[in-house]
Amino acid sequence: MHFGETIKCHRKENGWTLKELSERCGLSVAQLSKLENEKSSASIDSLRKLANVFRIPLSSITLTESEQKLSPVLDGEGFIVRWCRRGDDNVTVRYLTLNREARMQPMIVTIPAGMDTGASKSHPGDEFFYVLDGRVRFFYGDEAFVVKRGDFIYYNGLFQHHWQNMSDSEARIMTCNDPPVM
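The sequence shown lines up with residues 275 to 456 when you count with my numbering.
Here it is, written out as structure tokens:
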């Protein structure tokens with residue numbers, strides 16, 4: 275996708291006209307039209323304004339790939355990190371993409387029996403998790419929810435949250451952050 279197409283695509287994804295985008299970013303309708311039709315180049319200041327309005331990294335606007343490349347992660351693959359150690363037990367996080375252009379970060383988290391992921395944390399963006407195996411207590415702000423295999427929660431990552439495995443065996447969840455936090 276070329277630079278102008280990228281801007282137009284983000285504008286249309288948000289359901290905005292050129293006039294609405296102009297009001298949001300402070301660039302003129304004429305200037306935006308020239309950018310979308312690739313009749314003009316953008317200053318770094320204009321690029322920053324557009325990235326802020328679209329809530330995307332600046333690099334996402336300047337990428338000019340002709341098509342999105344697939345990067346499948348096969349069973350057993352992915353980047354694995356171990357954290358929250360308790361004796362010989364570890365919470366294991368398997369990152370399913372390390373693609374720098376990815377707008378979300380899917381992971382599979384394996385939590386040993388009875389283990390807690392630690393103090394509540396927060397991060398920008400949205401997140402969801404889906405319980406693949408086990409029973410998990412999900413702490414979100416002052417609330418706690420018990421979720422089991424097949425249950426799903428979608429939430430704002432800015433609120434403090436963490437998980438605890440309530441099962442007698444390991445629990446596995448699939449989670450996804452948007453934008454990536456790694």
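Don't be surprised by glycine CBs; every beta carbon is placed ideally from N, CA and C.
Inter-residue CB distance, residue i and residue j (contact presumed, cutoff 8 Å)
{"i": "His397", "j": "Ile330", "result": "That pair is no contact at about 17 Å."}
{"i": "Ile335", "j": "Ile281", "result": "7 Å"}
{"i": "Pro380", "j": "Met448", "result": "7 Å"}
{"i": "Gln438", "j": "Val410", "result": "7 Å"}
First through last residue of the beta strand (DSSP E) which encompasses residue i
{"i": "Ala387", "result": "Taken as a continuous stretch (DSSP letters only), Ala387 belongs to no beta strand (DSSP E), as it is neither H nor E."}
{"i": "Arg368", "result": "Asp363 to Tyr369"}
{"i": "Val421", "result": "Glu417 to Lys422"}
{"i": "Ile265", "result": "As shown, the chain starts at 275 and ends at 456. That puts residue 265 outside it, with no answer to give."}
Start and end residues, alpha helix (DSSP H) containing residue i
{"i": "Lys308", "result": "Val303 to Glu310"}
{"i": "His276", "result": "Looking at the DSSP string, His276 is not in any alpha helix (DSSP H), and its letter there is neither H nor E."}
{"i": "Asp319", "result": "Ile318 to Phe328"}
Proximity winner among the options, relative to residue i (alpha-carbon distances)
{"i": "Tyr414", "options": "Ser314, Thr384 and Phe402", "result": "Phe402"}
{"i": "Leu325", "options": "Asp363, Leu301 and Lys308", "result": "Here the sequence assigns Ala to residue 325, which means Leu is not the residue at that position. Comparing Cα-Cα distances from Ala325 to each of Asp363, Leu301 and Lys308, the minimum goes to Leu301."}
{"i": "Gly399", "options": "Val405, Leu406 and Met378", "result": "Met378"}
{"i": "Tyr369", "options": "Lys313, Gln434 and Gly350", "result": "Gly350"}
{"i": "Lys232", "options": "Leu306, Lys313 and Ser314", "result": "The requested residue 232 does not occur in the structure, where the chain is confined to residues 275 to 456."}
{"i": "Asn311", "options": "Glu279, Ser320, Ala376 and Thr391", "result": "Glu279"}
{"i": "Asn362", "options": "Val327, Ser315 and Ile385", "result": "The question names Asn, yet the displayed sequence has Asp at residue 362. Nearest option by C-alpha distance: Ile385."}
{"i": "Asn451", "options": "Gly392, Glu417, Thr371 and Gly289", "result": "Thr371"}
{"i": "Leu432", "options": "Leu292, Ser394 and Leu406", "result": "Ser394"}
{"i": "Ala376", "options": "Tyr404, Ile354, Pro346 and Gly392", "result": "Pro346"}
{"i": "Ile427", "options": "Phe277, Ser296, Tyr404 and Lys293", "result": "Tyr404"}
{"i": "Tyr429", "options": "Gly388, Glu417 and Ile354", "result": "Glu417"}
{"i": "Cys299", "options": "Leu309, Val420 and Ser320", "result": "Ser320"}
{"i": "Gly289", "options": "Asp407, Val303, Lys308 and Phe328", "result": "Phe328"}
{"i": "Asp442", "options": "Ala387, Leu348, Thr391 and Lys313", "result": "Ala387"}
{"i": "Asp407", "options": "Glu287, Ala445 and Val420", "result": "Ala445"}
{"i": "Val365", "options": "Leu348, Lys308 and Thr391", "result": "Thr391"}
Closer than 7 Å to chain B by CB, residue i
{"i": "Lys313", "result": "The structure shown contains no chain B; it holds only a single protein chain."}
Sheet register partners of residue i (DSSP bridge)
{"i": "Asp452", "result": "Asp400"}
{"i": "Val347", "result": "Looking at the DSSP assignment, Val347 forms no beta bridge with any residue, so it has no partner."}
{"i": "Trp437", "result": "Phe412"}
{"i": "Pro380", "result": "Cys450"}
{"i": "Ile354", "result": "Arg368"}
{"i": "Lys395", "result": "His435"}
{"i": "Asp407", "result": "Arg446"}
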